[in-house]
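Okay, structure first, notes after.
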Ligand code: LMR
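Numbering (this note's numbering), first residue to last: 107 to 530.
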């Protein structure tokens, strides 16, 4: 670099650089703000570091089996064995990911022979988890739908706001959870959505709302669709827990409803929880468009976004998902495992409710039975959450959300006793 170019010049030992003449030397990164950590992932890390043997992890949205382990599903093990057997070169996947996986994802989401898929108006790409899909979609919105603002539910997954804001979009909240009734503030939600400018992005949880576990009923989804259409709003569905609500097919209800209504929308879906392949980062982003020509344009610009970010997704994740979904034997095994995981969570909900209802008869804990998916929103205050962690080794996020899938027959009673103690 030539003198006077305006760039930083390297200073003395320790990597110090000189600023403008007369200013004190400083290091390149000394001005950075420390990262406060992610509220969910940091808590999970704190749990791992806790030496207490009877600690309980209800912090992160991960399914643990009754022995407290992350299961390796038989279908995944067998898919991986096949992949090892056929082991060959590992080229880059295309930017949009594996064709076999993308096709399998479309079948899973929309159902066999769906008009939207058959007519080619769905642009699907394999992404780095559904988080990667959410972010690629956010970058695409920022570039191609200028001025569009994003509306997320109050409350929502902590990272939704950060992710869309990180893409440079303005993020607002619409009313959703009703703490008084434990239901949805449907009228207030509809009123807010009815006042949004056309083209606003409305982030909706397709099933198993994170963090509350409170979903829209089918009738409520049906009532929402005309509003979304008349106002020209663009739904963005997050489908991270397919199969944990009512079933794999049943949990696709909302997205199939939107597709049948002819809406243009985004859906980011994940296999992390449903196939128990968290670290594989297996997900997809689909955009349902007006017609094939539009879908091709959208896919092209999504590919441009991916190329600028991480270039292409993982071949291993694609291999697992495509095989499990396409092979009838592996598929049947997967569906049975998802059903078993779902019913174990429901059993834990009943067990937790049973102990708490007996210990604190004056208090209504029925929400544990009606909320769906991995999460329950307990209404515990941050101070009660802190007590649970400090005194009892029970970890949950400070919003009061618990991951019910962290309960098992060995810890549910003492967890319930701990909750009963802090609500006393
Ligand atoms: C959660 O909400 O706990 C999960 O989706 C994991 C995560 O990345 O936050």
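Here a beta-carbon is modelled for each residue, glycine too, at the ideal position from N, C-alpha and C. Given the structure is predicted, the values throughout are model-derived calculations rather than measurements.
Could you tell me the boundaries of the beta strand (DSSP E) in which residue i lies?
| i | result |
| --- | --- |
| residue 507 | 507-509 |
| residue 260 | 256-260 |
| residue 340 | 340-345 |
| residue 476 | Run containing residue 476: none in the beta strand (DSSP E); it sits in the alpha helix (DSSP H), 473-476. |
| residue 317 | Looking at the DSSP string, residue 317 is not in any beta strand (DSSP E), and its letter there is neither H nor E. |
| residue 91 | Outside the displayed span of the chain (107 to 530) sits residue 91, for which this structure offers no information. |
| residue 373 | 371-376 |
| residue 135 | No beta strand (DSSP E) contains residue 135, which DSSP labels as neither H nor E. |
Less than 8 Å separating the beta-carbons of residue i and residue j?
| i | j | result |
| --- | --- | --- |
| residue 530 | residue 461 | no |
| residue 239 | residue 374 | yes |
| residue 162 | residue 479 | no |
| residue 242 | residue 408 | yes |
| residue 334 | residue 372 | no |
| residue 257 | residue 302 | yes |
| residue 74 | residue 248 | Residue 74 cannot be examined here, being either before or after the span of the chain that is shown, 107 to 530. |
| residue 510 | residue 447 | no |
| residue 481 | residue 319 | yes |
| residue 354 | residue 306 | no |
| residue 278 | residue 309 | no |
| residue 173 | residue 517 | no |
| residue 179 | residue 440 | yes |
| residue 491 | residue 146 | no |
| residue 393 | residue 383 | no |
| residue 348 | residue 358 | yes |
If you follow the alpha helix (DSSP H) that residue i is part of, which residue opens it and which one closes it?
| i | result |
| --- | --- |
| residue 440 | 434-465 |
| residue 216 | 205-216 |
| residue 389 | No alpha helix (DSSP H) contains residue 389, which is instead part of the beta strand (DSSP E) from 388-394. |
| residue 237 | 235-250 |
| residue 525 | 518-529 |
| residue 57 | Lying before the first or after the last residue shown, residue 57 is absent from the chain, which here runs from 107 to 530. |
| residue 408 | 398-415 |
| residue 359 | 359-366 |
| residue 270 | 264-272 |
| residue 494 | 488-498 |
Among the options, whose alpha-carbon lies nearest the alpha-carbon of residue i?
| i | options | result |
| --- | --- | --- |
| residue 215 | 312, 266, 157, 200 | 312 |
| residue 189 | 424, 488, 441, 481 | 424 |
| residue 475 | 456, 485, 469, 465 | 456 |
| residue 194 | 466, 148, 422, 514 | 422 |
| residue 501 | 156, 389, 341 | 156 |
| residue 483 | 525, 517, 519, 520 | 525 |
| residue 368 | 396, 468, 470 | 396 |
| residue 444 | 487, 201, 389, 170 | 170 |
| residue 366 | 490, 346, 331 | 331 |
| residue 251 | 304, 489, 225, 469 | 304 |
| residue 459 | 400, 149, 487, 519 | 519 |
| residue 285 | 152, 471, 236 | 471 |
| residue 181 | 467, 442, 451, 317 | 442 |
Near residue i, what residues of its chain come up, given a Cβ to Cβ distance below 6 Å and the 5 sequence neighbours on each side ignored?
| i | result |
| --- | --- |
| residue 432 | 210 |
| residue 167 | 480, 509 |
Keeping to the same chain, check which residues put their C-beta closer than 7 Å to that of residue i; ignore five residues upstream and five downstream.
| i | result |
| --- | --- |
| residue 281 | 260, 291, 294, 295, 298 |
| residue 119 | A caution first: residue 119 carries a pLDDT of 43, below 50, which makes its placement in the model too unreliable to give a value. |
| residue 377 | 383, 388, 389, 427 |
| residue 153 | 161, 163, 165, 501 |
| residue 495 | 501 |
Among residues of its own chain, excluding the 5 on either side of residue i, which ones have a beta-carbon nearer than 8 Å to its beta-carbon?
| i | result |
| --- | --- |
| residue 413 | 201 |
Next item on the list: Taking 8 Å as the threshold, find out whether the segment 173-187 comes into contact with the segment 427-444 through three or more Cβ pairs.
Entry: Three or more beta-carbon pairs separated by less than 8 Å link the segment 173-187 to the segment 427-444, which places the two stretches in contact.
Next item on the list: Evaluate the contact criterion for the segment 401-416 versus the segment 219-230: three or more CB pairs, one atom per stretch, below 8 Å.
Entry: yes
Notebook entry, point to check: Do the segment 317-332 and the segment 287-299 make contact, defined as three or more Cβ pairs closer than 8 Å?
Noted result: yes
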